[in-house]
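Report on one structure; see the data block that follows.
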Amino acid sequence: MKVKVAPLQRTRGQAMVEYMVVVAALTFALFYPITDASSPDQPRTTVQIMINGFRQAYENISAALSIPE
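What the sequence shown shows, in the numbering used here, is residues 31 to 99, in sequence order.
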């Protein structure tokens, strides 16, 4: 005897698998060590490069705002 499964129940699990594949790919891309121009001898992750960029931008903005008129 075959049990009939509604189409909605079959697609629910597929969406979860697709979501997990995308999350795993993004996590891998963000935390995989790569070399960049600023540190060719030591590989850094994309997250470290982004944080360094934000830090440098904040320092530049802070320095520009602290200049007296």
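Glycine included, C-beta positions come from ideal geometry on N, C-alpha and C.
Backbone CA spacing between residue i and residue j [nearest angstrom]
{"i": "residue 81", "j": "residue 52", "result": "23 Å"}
{"i": "residue 69", "j": "residue 56", "result": "23 Å"}
{"i": "residue 67", "j": "residue 33", "result": "60 Å"}
{"i": "residue 99", "j": "residue 92", "result": "14 Å"}
{"i": "residue 47", "j": "residue 87", "result": "38 Å"}
{"i": "residue 94", "j": "residue 73", "result": "31 Å"}
{"i": "residue 89", "j": "residue 79", "result": "15 Å"}
{"i": "residue 84", "j": "residue 43", "result": "38 Å"}
{"i": "residue 63", "j": "residue 97", "result": "37 Å"}
Per DSSP, the bridge partner or partners of residue i
{"i": "residue 79", "result": "Its beta-bridge partners do not exist; DSSP assigns none."}
Supposed contact pair residue j and residue i - C-beta distance, whole angstroms, cut 8 Å
{"i": "residue 77", "j": "residue 61", "result": "6 Å"}
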